[in-house]
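What follows is a set of notes on a single structure, which appears directly below.
Numbering (the working numbering), first residue to last: -10 to 113.
Structure follows, in structure tokens:
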């Protein structure tokens, strides 16, 4: 199992990578996903926001419990948003676009679950 502090580094690294990739390639992704370029840009920007929050927590020597619980709730909420987008847009989006949303939802939900289980270690 991943050592507890590493999960926050995984969280911020994945969000930063996804966010930058989506912002830099939003025009191509829009064509491939058959989704509006503004939506792709918004998804990328949200990922960068998550990256900054989880980065601050990953770097902190002492993490406030409220901050960690906010991250867990935000991850769970983002997973729900991604699933809702996949369900709402599945007729418009390509299979690749729908798959991206579902996989992102699953990944972020997994992060939320791990961070929740390790909350007492991550923010004693």
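Where a beta carbon is used, it is the ideal one built from N, C-alpha and C, also for glycine.
Collapsed DSSP secondary structure at residue i in the structure displayed
i	result
residue 119	An answer regarding residue 119 cannot be provided, because it is not within the stretch -10 to 113 covered by the chain.
residue -6	helix
residue 54	helix
Span of the alpha helix (DSSP H) around residue i
i	result
residue 89	84 to 106
residue 34	26 to 48
residue 118	Look at the range of the chain in this structure, -10 to 113, and you will see that residue 118 is not part of it.
Anticipated Cβ contact below 8 Å, residue i with residue j, distance rounded
i	j	result
residue 100	residue 46	With a Cβ gap of about 12 Å, residue 100 and residue 46 do not count as contacting.
residue 22	residue 82	6 Å
Cβ contact check for the region 77 to 90 and the region 38 to 57: 3 or more pairs under 8 Å:
Three or more Cβ pairs closer than 8 Å define a contact, and the region 77 to 90 falls short of that threshold against the region 38 to 57.
Is the region 10 to 21 touching the region 29 to 40 in the sense that three or more CB pairs, one from each, lie closer than 8 Å?
With the cut-off at 8 Å, the region 29 to 40 and the region 10 to 21 touch.
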